[in-house]
Structures are given as C-alpha cells and as structure tokens.
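K.L.:
Numbering (the UniProt record's numbering), first residue to last: 1 to 1048.
Heads up, the beta-carbon is just placed ideally off N, CA and C, and yes, glycines get one too.
Please see the structure below; I have some questions.
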C-alpha cells in the first residue's frame, strides 16, 4: 500500500538574467568640470564580471511534511566604474542610491572614490582581475566598486554630491564668482588675464554672500556665455576697454564692508552735450508701463532640499500698492544653491527692472573719452526737464560722425559724491583738419644689388611732425609728371658720425628720423638688419642708443650680397633697407637715363596735399647697379690632333661664379686687336671658345649676367694661343667607378698640349699589348677582366711624348649571394624574384636546371613545359658572377589554375548539371568517330567544347567548330616551334610597326632595295660618322664636326 503515500517533491526555479543592463552610459560625452559643490549622476565608463549567484530555499509540505518544495532564485553582482567629472576633486558628500541617501563613505554605497589626481593608480580590482584592462583614468574623478544588484540586472540609480574645485575661494562649499570667471578664462587659454576691478568685485560678492557652483544640468558652453551668465546673476558689467577687461558691480547700496561706487564722473549740461540733426541734446526713451515689472521670480537649485529646483519671488511693495502686481517671466539662476542668495538676486532684479525703465541716449566729443560702462553722470536738459538726473552708462560707441554715442539708464534718487571732473571752464577742443602739409626733410635713392631689389630704385624720405605721407610723381622730361605710388612711412635715413675703415666691426650713426633696434648674430648674418652705406651692404647685431642721441652699431657683417667692404668717410649717408622704402621699377633700357622725382606731402590727416609746383624736383640718373665679377679667372688652351698634320685649339676660361642668388650665367666674349667682340659661349664655371688659331692673341672678356638681365662690367684677360710642348705632368685625380662598365676619370693636364690620354695595365706606353684604351678628354669607359689589379694613366704630348704614369690600384669584391628568392611555377612557366640588384652589379644570372639566363632586374619569368625545375640565382658584375644561391624548386603544372578560368568556362561536372537543369534550352549534337565521343553544347550563346579520348589522358580541341570563330585568351595559348603556318598566312596588318628589327632580316643583296633611309649614325654621340641626304659627316669625341664630304 506504499504507493498510496508516495512523496511529491517540487522545485520552482526563477529565470536567470543573461546580461547586464546599463542605465546610462554615453560615448563621447563632455567630461564636466565641477567648480563648487553640486550633484552629479555620472556616466558608466567600465563594467565587468556580471555574475549570477544561486540561492535555494526548501520547505516541507503535505500531511506530516512528507513532501518537499524547493525555490531557486538568483542575485547578481557586477564590477562597475562611474565617471563623475574632471579631477582632482576634494571629495564626495551625500550619495543617493535609488531612494536611499547616505553620507560618503558608507559600506551600503558599495563604491569607492578616486579623486582624479594626475598620475593616480588604476582601480586595484581591475589590476588583479583583468590587468590588460587596468586604466588609471588620470585626471578623471570616478567611483568604482563591486555592486550587489539584488535580483535585478542593472545598477541602482546613483547620484553623487561632488565637492569640486575652488572651494577655498568661497565658504568651503560654493565659489566666489570672481575666481569662477578667472578660472574659466584660464581654461579657455587666456593664462595671464588681468581684469581691472576684479578685487572690488570679489569683495562685493563675498560681502553680499553671492557664491555660486556649477549647475547640475551644466552642458558644454562657450566661455563667453558662462561669464555673461555669471555677470547677470551678480548684477555687474563686464566689458573690454583700454586693451583690458573691466568689471563693475551695479549694486547701489552698501553690503557689509563693501560700498557701492557712487562718485559722479561728470555733470553734463547743454554746454557738453552735442545736439543731433533735430536739435535734441538727449533722446529720452521710457518703457511702456505694461513692461515695467515690479515682481521678479528666480528659479534656483536648493541644496537643502536634495538639489531640487525651487523658485523665490520679490515684489517692490510700494510700486505694487500703487500700480498693482506686474510679475516678470521667471529667471533661471542654477548657479545659486541657497534660498537666501536667490532671494537677493530676485531683489536686485526687481529693482533694476523697475528703475531702469528710463533710457537716455546722447552724444559727446572725445574730451569725455574716459567714460565707460558703469560710470555715473548727471544729465541736465531743460527740454527733457532733466535736472541733474543721475544715470549709469550702459554702452559707449563711436557714432558715424566720429562722436561718442552714450547710452545710459536712470538710477533711483540717493546720495552721490560730487562730480570728479569739471570741464566747463575749458573751451571745447577743436581739431583743424586743414593744416598745411610739411615738405620732406631728407631723401635717399638707392640702387642695391640684384639679390636685394633687382631693377628697382629704392626711395626713402624723412619729414617733420605733422607729415602724413606723400605721393611720388616721376617725369622723364622734367615737365609732365605721372603718379608712381605713395609713401606712408618715414625711412630710417642718417649719416656716419665718424669715419670707418674696411675692417671696422662697429660704427656710429646719427639718424634723421626713427630708431634702430638690434638683433641677433643670426639676424646680422642673414641680412635682417641691412644698411646701405656708399655702395656697401652691411648688417649689424647690436644697436645701442648713446646719450647724445646717436646709435652705436656693433657686430657688423661687412660686404654682404657680394658688395665690397670699403672705407667710408664721416658724413656718408646711411639708409636702413626695410619696407619703409618705396620701390620704383625700371627697365634695363632705362639705365643711363635722367629722371625727375617729386614727393608731394599730405598732412597727418591725409589731406591738403602739396601742389606739384611747390615741390622741389629731385634729379637722378639711373645707374647700373653693382654686379660682382667672377673670381679666380684662368685661361688656357686645349689641343686637338685632327690627323694628317691638322691641329685645332680651344681657349678655355675657368672661373668661380659670384656668390649671389640672382646669378644667371657668365658669358664669354673674345676679339683680336681692335676688332669687334664675338660671342664665345656661356657657363657657370667654364666657357670653351672654339676655333682659335695658333699664334694669334685674343682678348677674353667674362661678364656676369643676373636673372634680371643686367651685366657686370666684365674681366678681360689677353691670351696668346701657343703650342705648349713641355713634358706633360703626371695626371692627377685618377679614379675608377664600376657599373655596367669601368668608368675612369682624372683631372686635365694643363702644362702641355695633350692630344690623348692612355690607360694601361703595364708600364709600356704606346704598345698595343697591355693597353686598356685611349681618350681625348678626361674620362674613359671600358672593361676590366680581373677583380683586383693595378692600372696606369699617361698623358701624351705630340712633341714631348708621354708623361710619368699615374697609378691606380683597385679591388672589387665578388657580388654577394642573392637572398629572399621566390620561384613560383604556373601553367606555362616559372617566375623568379629576389632582392634588388646591388650597386655595381649589371644584373643576375638565373639558373634553371643546367640552363642559364641573364636578367638586368630582380624579376625574371620563363615559359617552360610541365615539370619540376631547380632554380638558383647569382649576381653578376663586369668581372663575372658571384656565389650562387641555394636551390629552389618550381613546378610547372599541366592543369589550368582556377583563378584564370572565366565564369563561362565551366568544368565537365558543372556542364552536366547545367544541361540536366535547363535541358529544354539546350541543343545536343552527338556523333561517334573511331570510338571518340564528341559533344557540342550551345548554352545561352556560349559554346563550350569537350572531346574525350578513350583513355581519358588527353583533351583534344579543334578550333574551327563555330562558324563565327572562337576567341582564345593570349595568356592561355602557347605556340610551339612545331606549329605550321600556311603560305601567305601572315599579312602586313599582322606585323606591328617596329617589330621587324635588323637582326631578324636576311637579304641576299640590298642593291635591289630602294628607300629613303633618313640619317644613319655609327653612334648617337661622341666620335661617329653620319650619312644623310647627299652628305657624309665625321665628328670627333667632343661632338665637333671635323670632316664633311658630299653636296651641301
């Protein structure tokens, strides 16, 4: 009967939460900065280790407790970090966790504070559990901990009372607004800001208990908006004046030990006020009575009530009783956190709105330019029935006519200090804009080197006080003038107060106008302090003002821009070369012409220009400016033996170009006796004049040309062409470099006429055996067979024979072993790559089995039949090849790689499946020829052909099965040497232009061919023979024509 009392055990399991749910986590949020004390909700920046914890609860049920019931539920924990604000902060006060409020620290909060110190350590929990995720969050204040979530999968709702920065400036909880404004300006990048009146403002805020903190809902704002909000809450003006910020509290009654500004600046009357076009002295504007509010309501954050928003109101009782309640719209002031401070702000706001209903606008002259916003003045105007009405200035602007336009608001009656300034005893100032323009005192016209100005006249002037510039007029006849431009600044012109020598590194200068400032040694070297004195450019490092008003210039850098350092007499004119000089361009053909210049001055107001008839003309003749000559000019001859007793001479001029950036080229000119100058060529270090005759005397002239098209005077050397029959000196500078060939270089031998140079392996000049080569110039390209050895260079004179030899020993290492070799096989051949060919090597030999192939680059490909090939590589130079690399294997396969088969060329199985699927669209033609089955299938206008032999080892394809032809991709086609072409199958259209080269031609006799051959050359340059038209020409190794035969 036991079955009648069977136990019934039950289990009820709660659903498990699979993932953590984040209440608030925003990417890219602005990190707030808390000044003072406020409530912050924070932003989750990290969470991990979301863990479910199982809990079982068992109870007995049934008669006698024979059955058991089990309840299984879960609680959860998570490790989380909540970012608060920018650190470092001073601490945390209250913490709101859901509906509970705690004072930090307390265990039930389950979070610890990290104050955001710079360089703070990471959260130890993450360091131990997940070191790869451990971040210090330097400069970020945050709360972190392992939180018990209970039976839910999300964090409790946290809010934190953050004790931020600048608490010491206020009452330890809130911040003095003066320091708040300074902090914001500094954060905006204005480090050294000084605000006039900031101490008075700080004192006012402290006395009135106007302390603020960052609003709880503060988002990113411009610094300007934040400062303006604070200025409005504290009832002050913040404005820019006299190149600085100024702040003025507008409160008009004393608070604590602070007293308001009640000093009247001016008592303004009809004598001071400037009437408008309608005759009004003061424009009076009064607000409509409906806009004159007598109640102000302010919304603030009440810290005492859990940082909830509340409102306070203030009514001007006297006005309410008289005119009824006129409430204004609510004003938001979330910077305020106590009811007392909000009440004070509401009082100030209500009084300002009530008594600022009268607005006054009036004009003053610049004698009252001291007035600024916040200043108090009195207005007296009988027309407006104003009698010493006290007003506070709210804005100062410059009107269109140049007068000061003042806007002010009325102030309530009270006790004010007497006027600070009394201007009624003085006459109103008057400005005379029509004063005569003073004439210039001194002038200077300078033509500096081309590196400074080029084809330009530099004109500078000085003038007495009251001078406002001048117009430059130019004439080339002295009668009619044309305006060339204007000068608006005085030049720094002066004279030497004492003589100076060419070696002087200091001088004393007396300036007519302006001042000189020193620079650094680099400034002097770079010409940043350039002065022009009598044709010399020099710069200075130090400029010291002496007691007598003169300047001592030290650290002089003389002779700049290739000018010459000369002696300069006392009184020599000095001009500082700068932007104050007027630049007047001229043409090269204008050099030598006389011009007339007049400088018509204007006064300091830019008016009343001098009449040209009253201005003294300046006469000046345009000169060629200084261009330095070449240096180290040397002239010598070079001899050429043309054979058959014929010789030729070149006159060669070598020189060093001048050190100027405007240098273009140097031109060589020559003449005999009193003949005309002939152009011989140009160059920047050497000029070769050809065709000179033995025994003749020539004048050689080298002139420098700059980029402006101007020339120097030129250096002239007289030179007689003579045969130099001395024994040649040993050649110097003998060297060799290796590449595709051996290139020899040396310096020219000049003590004797050299007809050729000979390079040899031995000391037997003139012998064929051992000779490497000959050259008529200073270079030779040839070959060497040994990697190391000794070569000799001789210079040869046709009369004195050979010089003593110059010896050169060389040694060239064998090329290194190639590395990073890759040999890859494909369907039709192999490709080989390796490291780039080293400097000095010609290329590389690629060994494929026993065959060798040369390649000039580090990439090589070869068509091969299927098989496995051994590949090695060796670099080669002009002496041979280096050590071979290790062996690489490459396999050439018969199969076609899938990557080169087009989508239309399906495999056999794919074709069968395609036929079975769309059999209705396929036509099949089947035939059997000697046991071979051929199927031609046409599918969607694409023909695929397959023929299978009986043994299945071959794939045989006939190309002429389609009447429209079959296209074979060139990369898949390999035509072997056994391919046959029918007669006349290669037509002219099949041969590409230039494809048939001379080495591909075999002609029994060219006499049967008639053609226009153009020009035939034995070489592209150097010694060669050219055949063209009816002419044969022979050139030597210097590209000079030596022989001409035929008809021309």
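At the level of alpha carbons, what is the spacing between residue 333 and residue 161?
P.N.:
Taking the straight line from one Cα to the other gives about 19 Å.
K.L.:
Could you tell me which of 109, 796 and 811 sits nearest to residue 804, measuring between CA atoms?
P.N.:
Closest option to residue 804, Cα to Cα, is 796.
K.L.:
Please report the residue range of the alpha helix (DSSP H) in which residue 127 lies.
P.N.:
Note, residue 127: alpha helix (DSSP H), 124-129.
K.L.:
Quick check: the Cα distance between residue 146 and residue 94, rounded to an integer number of angstroms?
P.N.:
Taking the straight line from one Cα to the other gives about 19 Å.
K.L.:
Between the C-alpha atoms of residue 214 and residue 233, what's the straight-line distance to the nearest angstrom?
P.N.:
Each residue's Cα considered, the two are about 13 Å apart.
K.L.:
Residue 727 lies in the beta strand (DSSP E); which residues open and close that run?
P.N.:
Neither: residue 727 is in no beta strand (DSSP E) and is coded neither H nor E.
K.L.:
Please check if any C-beta of chain B sits within less than 8 Å of the C-beta of residue 724.
P.N.:
Of the protein chains in this structure there is only one, and it is not chain B.
K.L.:
Within 10 angstroms of the Cβ of residue 55, are there 16 or more other Cβ atoms? Answer buried if so, exposed if not.
P.N.:
Residue 55 comes out exposed.
K.L.:
Below 7 Å CB to CB, which residues in the same chain sit around residue 546 once its five sequence neighbours on both sides are set aside?
P.N.:
Within the same chain, residue 546 has close Cβ partners 552.
K.L.:
Taking the straight line between their C-alpha atoms, what separation do you get for residue 1030 and residue 1021?
P.N.:
Roughly 21 Å separates the two Cα atoms.
K.L.:
Would you list the residues sitting across from residue 1028 in a DSSP beta bridge?
P.N.:
Paired residue(s): 1015 and 1031.
K.L.:
What does a CB cutoff of less than 7 Å around residue 514 pick up in its chain, not counting 5 residues either side in sequence?
P.N.:
490 and 492.
K.L.:
Which whole-angstrom value is the C-beta distance of residue 869 and residue 849, which I expect to be below 8 Å?
P.N.:
Yes, they are in contact, since the Cβ atoms of residue 869 and residue 849 sit about 6 Å apart, within 8 Å.
K.L.:
Between the Cα of residue 174 and the Cα atoms of 264, 614, 567 and 301, which residue gives the shortest distance?
P.N.:
Per the Cα distances, 301.
K.L.:
Taking DSSP as the reference, what is the three-state secondary structure of residue 16?
P.N.:
Residue state, collapsed to three classes: coil.
K.L.:
For residue 134, collect the residues of the same chain with a Cβ closer than 6 Å to its Cβ; drop the 5 residues on either side in sequence, then sort them by chain order.
P.N.:
Around residue 134: 122, 126 and 127.
K.L.:
Helix or strand or just coil, what does DSSP make of residue 490?
P.N.:
Residue state, collapsed to three classes: coil.
K.L.:
Between the Cα of residue 630 and the Cα atoms of 571, 615 and 713, which residue gives the shortest distance?
P.N.:
Of the candidates 571, 615 and 713, the one whose C-alpha sits nearest the C-alpha of residue 630 is 713.
K.L.:
Residue 135 lies in the beta strand (DSSP E); which residues open and close that run?
P.N.:
It is not in any beta strand (DSSP E) - residue 135 carries neither H nor E in the DSSP assignment.
K.L.:
When DSSP labels each residue in this structure, what does residue 879 get in the three-state scheme?
P.N.:
Note: residue 879 maps to coil in three-state DSSP.
K.L.:
Restricting to Cα atoms, I'd like to know which of 799, 760 and 802 is closest to residue 783.
P.N.:
Comparing Cα positions, the closest option is 760.
K.L.:
Do the CB positions of residue 116 and residue 88 come within less than 8 Å of each other?
P.N.:
Yes.
K.L.:
Are the segment 471-479 and the segment 596-603 in contact at 8 Å, needing three or more beta carbon pairs?
P.N.:
Touching, per the Cβ criterion.
K.L.:
Between 859, 317 and 824, which lies nearest to residue 834 when the distance is taken from Cα to Cα?
P.N.:
Checking every option, the nearest Cα to that of residue 834 belongs to 859.
K.L.:
For residue 834, which of helix, strand or coil comes out of DSSP?
P.N.:
Residue state, collapsed to three classes: coil.
K.L.:
Who are the Cβ neighbours of residue 570 in its own chain at under 6 Å, not counting the five residues just before and after it?
P.N.:
Excluding residues within five positions, the ones whose Cβ falls inside 6 Å are 496, 498 and 499.
K.L.:
In three-state DSSP terms, what is residue 366?
P.N.:
In the structure shown, residue 366 sits in a helix (DSSP, three-state: H, G or I).
K.L.:
Helix or strand or just coil, what does DSSP make of residue 43?
P.N.:
Strand.
K.L.:
Note down the Cα distance separating residue 748 from residue 494, rounded to an integer number of angstroms.
P.N.:
In a straight line, the C-alpha of residue 748 is about 53 Å away from that of residue 494.
K.L.:
Say whether the segment 345-363 touches the segment 402-413, bearing in mind that this needs 3 or more beta-carbon pairs closer than 8 Å, one atom from each stretch.
P.N.:
Segments in contact, yes.
K.L.:
Tell me, please, whether the segment 631-638 touches the segment 650-665 by the rule of three or more beta-carbon pairs shorter than 8 Å.
P.N.:
Contact between the segment 631-638 and the segment 650-665 is present, because at least three Cβ pairs lie under 8 Å.
K.L.:
Give the secondary structure of residue 3 by DSSP, where H, G and I count as helix, E and B as strand, and everything else as coil.
P.N.:
Confidence in residue 3 is poor, its pLDDT being 46 and thus under 50, which makes the residue's placement unreliable; the coordinate value appears in the next sentence. Correct three-state label for residue 3: helix.
K.L.:
Using C-beta distances below 7 Å, list every residue in its chain close to residue 563, excluding the 5 sequence neighbours before and after it, in chain order.
P.N.:
So the list reads 449, 535, 536, 537 and 626, once near-sequence residues are dropped.
K.L.:
Are the CB atoms of residue 84 and residue 46 nearer to each other than 8 Å?
P.N.:
No, Cβ-Cβ distance for residue 84 and residue 46 is not below 8 Å.
K.L.:
Is the segment 252-269 close to the segment 203-211, with three or more CB pairs under 8 Å?
P.N.:
The segment 252-269, when compared against the segment 203-211, does touch it at the 8 Å Cβ threshold.
K.L.:
Output yes or no for whether 8 Å exceeds the beta carbon distance between residue 151 and residue 49.
P.N.:
Contact: no.
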